[in-house]
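Novice:
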Amino acid sequence: MDITVTRNSPTGQAMTADAEAAVSEALRDLAFWLYRQQENEYDWLSSDAAVDEVLLINEYTFTEAGLRAG
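In the numbering used here, the protein residues as written are 3 to 72.
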């Protein structure tokens, strides 16, 4: 992941020496956190418990052959 940090200051004030590193680290941490959240959501939505819940809530029924009944 490439992150470029610049400062658009109306007075021409330069960035602090550690600004790019601090912002890059914060954005990288956010990206990893968001990815973990997405993985957790996917794991839950594709779990047997979640699928069973959807089938029960929507009252889906199936034949022994696995075809949709009703």
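C-beta: ideal position from N, C-alpha, C; glycine also.
None of these values were measured; they are calculated from a predicted model.
Tell me the rounded alpha-carbon separation between L29 and Q39.
Specialist: Looking at the two C-alpha atoms, the distance is approximately 15 Å.
Novice: Quick one, are the C-beta atoms of A24 and M3 less than 8 Å apart?
Specialist: No.
Novice: In this structure, how does DSSP classify R9 when only helix, strand and coil are distinguished?
Specialist: Coil at R9, not helix or strand.
Novice: E27 and V7 - do their beta-carbons sit closer together than 8 Å?
Specialist: Going by C-beta atoms, V7 is not nearer than 8 Å to E27.
Novice: From the DSSP output, read off the bridge partner residues of F34.
Specialist: For F34, which the question treats as bridged, DSSP gives no partner whatsoever.
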